[in-house]
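Each residue of the sequence shown is one higher than the one before, counting from 41 in this note's numbering.
Just so it is clear, CB atoms sit at the ideal spot from N, CA and C, and this is done for glycine as well.
In what follows, a single structure is set out as C-alpha cells and then discussed.
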Amino acid sequence: MESLDAQHDHEQQRETQRKLGLPTNYRFEIDKCIRRIKEKDAHRVALQFPEGLLMFAAPIADILEEATGAEMVVLGDVTYGACCVDDFSAAALGCDFFIHYGHSCLISIKDCIVSNMMYVFVEIDIDVQHFIDTVKALVPADAHVACIGTVQFISSMRAGLRVLQAEHFIHPVVIPQNRPLSNGEILGCTSPKVNPAEVDLVLYIGDGRFHVESFLIAHPGLSALQYDPYKKTLSRETYATAEMRTLRHEAVEKAKVAQSFAIVMGTLGRQGHPRVVDRIIALAHSQGKRVTLLLMSEIFPHKMALLEDVDCYIQVACPRLSIDWGYAFDRPLLSPYEAEVALGNAQWGEEYPMDHYSRAGGKWAVYTDKSL
C-alpha cells in the first residue's frame, strides 16, 4: 500500500487538479512541476504531450506559467511515445527546462541536451476493486500468472496484485522487467520476457492492442488476457504470429540479394539512433552494397516510392513500422534486427526479438554495448 505521506501527497494533488478543472484521476503532478521549475529558476519551459493528453496542454501551460512566471512553450509535433522526446526542438527554442508527459524515462535525463528535464508519467487512477473482482471471477486461482501493463497503470496494477496475491492466487504472480523499463512495464517495441514453462497466463492492463502485441510477438506460444480499465472488460488477445513471421521472412530474403539500400534514420524526437545507423551502414559497405542515408521525421510508402535505384529500405526509427506496415511499401522495409539478418550478421530465430530499448537487447538494439 502507499505510505501515509504518499497518500497525503496524492490527495493534495487531486484537490489541486479539481480546483484547476483538470481530471482528478490523472496524476499531472502540477505541484511538483511548479516546485521544480522554481528550483531551477527556469525562464522558458517546453511541454510535450502525446496525442491523448494534448487536450490538457493549454490549461496546464496557463497554470504553470501563472504559478512560476516562466514562459511555457507547447511542442505540437506528433508524439507516439517516449522515443519521441524532442529535446532538440526545445533547445533550439531556447528552453532551459523540459517536461515530457505520459511516458517513462526511456531517454535518460543525463542525455537530454536541455539543461533541466523531468518526466511526468501521468499515472491514471482506475477502479482497482473492479479489476480485483473481475480477476477473481474469471481467472483460476491456481493459474501461473505474469502481469504487465503500460506505465500509466503500473501503480494500480501493483495495488490490485497485492490483494489478489493475498486473497486469490495460489502461486506467486510474476512481474517481469526489461530494463530500463519499470517492473511490469511494456512498450510496443520492447517487451519483458517470461519463461513459458513457468507461466501459463499473462494478464495485461491497458487499452488498445499495440502494447500487448509486443508481448505476443515475443512469446509466440502464449496468449494474454487484457483488462481494459476504461471499458472495464477482460478479453483474450492473440496475435497472428505465423503470418507475421512469414511476411517478415520474405522481406528479409528479398533484401539478401539487394545491391542498394536506403537507410532511414528517424528524426521524430529521439527515434533515430546514430550508432545503430552507423553499424548498419558499415555492415552494408563491408559487403559492397550501395547506401543512401536519409533523415525523415515520418516514413510513408508514397514518400519512399519516390526513391529510384534503391532495392531495399532499412528504417532506424521504430521496429513496429516494419512489422505492422512493411507490406504497404513497394520494396522490403527492414527493421535493424531484420537488416542484421539480411546482411548475414544475425540468425533468423524461432522467436522475433522485441528488445529495441532493452539493456540486454541484441546487437541491433539501441542500448547494446557499442563494442558488439
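Rounded to the nearest whole angstrom, the C-alpha separation of Cys124 and Thr174 is 35 Å. The alpha helix (DSSP H) runs of length 4 or more contained entirely in the segment 230-293 are, from start to end of the chain, 250-258. DSSP links Ala186 through a beta bridge to Val214 and Val242.
A Cβ-Cβ distance of about 16 Å is found for the pair Pro393 and Ala291, leaving them out of contact under the 8 Å criterion. 9 Å or more divides the Cβ of Ser129 from the Cβ of Lys80.
Looking at the backbone, the Cα of Glu293 and that of Ala382 are separated by about 7 Å. Annotation for Ser300: no alpha helix (DSSP H) segment contains it, though the beta strand (DSSP E) segment containing it runs Ser300 to Gly306.
Assignment of beta-bridge partners to Met158 by DSSP yields Ile139.
In the three-state reduction of the DSSP assignment, Glu225 falls in the strand class.
A distance of 9 Å or more separates the beta carbons of Leu93 and Leu115. Ala122 and Met95 have their C-alpha atoms some 18 Å from each other. Residue state for Asp165 is assigned as coil, using DSSP reduced to three classes. Counting along the chain, the unbroken alpha helix (DSSP H) around Glu380 starts and ends at Pro376 to Ala382.
The beta carbons of Arg399 and Arg219 sit about 4 Å from each other, so the pair counts as a contact at 8 Å.
Within 10 angstroms of the beta-carbon of Leu308 lie 16 or more other beta-carbons, which makes it buried. Taken in chain order, the whole beta strand (DSSP E) runs of length 3 or more contained in the segment 347-371 are 352-356. Around the CB of His313, 16 or more other CB atoms lie within 10 Å, so the residue is classed as buried.
Fewer than three Cβ pairs drawn from the segment 337-347 and the segment 270-290 lie within less than 8 Å of each other, which leaves the two stretches out of contact. By the criterion of a C-beta distance shorter than 6 Å, Leu333 is surrounded in its chain by Ile303, once the five residues flanking it on both sides are discounted. Bounds of any alpha helix (DSSP H) do not take in Ala181, whose DSSP letter is neither H nor E. In the same chain as Met305, and ignoring 5 residues on each side of it, the C-beta atoms closer than 6 Å to its own belong to Gly312, Val317, Leu335 and Val356, in chain order. According to DSSP, Tyr66 shares a beta bridge with Ile164. For Glu338, the secondary structure class from DSSP, reduced to helix, strand or coil, is coil.
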